[in-house]
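The structure under discussion appears below in the form of structure tokens.
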Amino acid sequence: PDDLLRENPRLVYASISGFGQDGPYRDKPGYDAIAQAMGGIMHVTGEPDRPPVRAGVAIADIGAGMWAAFGILAALWERERSGRGQVVDVSLFEGQIAWLTYVAGNFFATGKPPGRYGSAHPNLVPYQAFETADGHVMIAVGNDSLWRRFCEAAGRLDLADDPRFQANAGRVTHRDELLAELVPLMRTRTTAEWLELLDRAGVPAGPILSVADLVDDPHVRHRQMIVELEHPRAGVIRVTGIPVKLSETPGAIYAPPPLLGQHTDEVLEEFGIDAEQRGRLREAGVIA
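Put into structure tokens, the structure is as follows:
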């Protein structure tokens, strides 16, 4: 990038790598799972007293792309101000460390290594998935007001009035005693029954949906988060939609994933590479 910046000082050059462009790990190869492992995420992911697990999606890969987008936008803004370009250096590893947030904060404040809590939250109780009569429901009681509303909806105001559980700090301290009450309680109703009660009470709760569930979810359809497209070879395909909704310039997924080499000529023409040159490159196996 230094050579390119000398040729064009306004250039914004972005690099995404496993561990960054300098430091002891700069030449170490890395994939998403390695970044999750070394960046602290796997250490806090999984059930207590069970081995650490990788997140179900490639959060290090996806996150690195997001961090790079933020960095590129910041560099473009700086270029508008100063006229100078720069290198944007992003790594999968560092993106995971940045996402430790309150987990790292807990350690910095107390010196106590964080553990694994499964679906639960280390600092909030109850804030986890519970087994119901016919499945599971996720509950997020994020403050003491919500706790009282939860107890009213569940018909257990005695728990809200118990001195051990009145404040979140006490619920965290007495987590095991409280769960001994809540786990059997949550099994007494179906997921739908709990959702009806908790939605009416304004307590954050939701079912644990599969991808198949999401395809038929009315809110997902309304928000266009699963989109159907016509693919030239596969026919009608479905892809996930755009999560950022712009009021004046909304985005749209207007084309399916391209075929191998579909846009090669179009792109290379923009760089002044003519048909004869492209033909030679194809014969040499350089382009598709």
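FYI, the numbering used here numbers position 44 of the sequence shown as 77, with every residue one higher than the one before it.
Every residue, glycine too, gets a C-beta built ideally from N, C-alpha and C.
Original post:
So what's Glu127 in DSSP terms, helix, strand or just coil?
Top reply: Walking along the sequence shown from the start, residue 127 turns up at place 94. Reduced to three states, the DSSP call for Glu127 is helix.
Subject >> Pair within 7 Å by beta-carbon distance, Arg197 and Gly203 >> reply: Your numbering for residue 197 matches position 164 in the sequence shown. Your numbering for residue 203 matches position 170 in the sequence shown. Result yes, Cβ atoms of Arg197 and Gly203 sit closer than 7 Å.
**OP:** Go ahead and label Thr165 buried or exposed: buried means 16 or more other beta carbons lie within 10 angstroms of its beta carbon, across all protein chains shown.
**Re:** As a position in the sequence shown, residue 165 is number 132, starting the count at 1. Thr165 comes out buried.
**OP:** Determine whether the Cβ of Pro159 lies closer than 7 Å to any Cβ atom of chain B.
**Re:** In summary, chain B is missing from the structure at hand, where a single protein chain is found.
Original post:
Sorry if obvious, but does the Cβ on Phe126 come closer than 6 Å to a heavy atom of the ligand NAD?
Top reply: As for the ligand NAD, it is missing from this structure, which has no ligand bound.
Original post:
Looking only at its own chain, which residues have a Cβ that is under 8 Å from the Cβ of Leu218, when we skip the five neighbours before and after it?
Top reply: By 1-based counting over the sequence shown, the position of residue 218 is 185. Counting only Cβ-Cβ distances below 8 Å, and skipping sequence neighbours, we find Ala187 and Arg189.
Original post:
Which residue from Pro62, Asp36, Phe126 and Asp60 puts its Cα closest to that of Gln119?
Top reply: Locating residue 119 in the sequence shown gives position 86, where the first residue counts as 1. Checked all of Pro62, Asp36, Phe126 and Asp60; the closest Cα to Gln119 is Asp36.
Subject >> Contact belief for Ala93 with Asp65 at Cβ below 8 Å, rounded distance in angstroms >> reply: Walking along the sequence shown from the start, residue 93 turns up at place 60. Walking along the sequence shown from the start, residue 65 turns up at place 32. About 4 Å; that satisfies the 8 Å criterion.
**OP:** Return the residue from the list Thr273, Ala234, Asp167 and Phe126 that minimises the CA-CA distance to Thr221.
**Re:** Taking the first residue of the sequence shown as position 1, residue 221 is located at position 188. Of the listed residues, the one whose Cα sits closest to Thr221 is Asp167.
Original post:
Is Trp100 buried or exposed, if buried means 16 or more other CB atoms sit within 10 Å of its CB?
Top reply: Within the sequence shown, the letter at position 67 stands for residue 100. Looking at its Cβ environment, which holds 16 or more other Cβ atoms inside 10 Å, Trp100 is buried.
Original post:
Exposed or buried, which one is Trp110 when buried takes at least 16 other CB atoms within 10 Å?
Top reply: Within the sequence shown, numbered from 1, the residue matching residue 110 stands at position 77. With fewer than 16 Cβ atoms within 10 Å of its Cβ, Trp110 is classed as exposed.
**OP:** For my contact list, Glu80 and Arg149 are in at a C-beta cut-off of 8 Å; report their separation, rounded to the angstrom.
**Re:** Looking up residue 80 in the sequence shown gives position 47. Looking up residue 149 in the sequence shown gives position 116. Yes, Glu80 and Arg149 are in contact; Cβ-Cβ is about 6 Å, under 8 Å.
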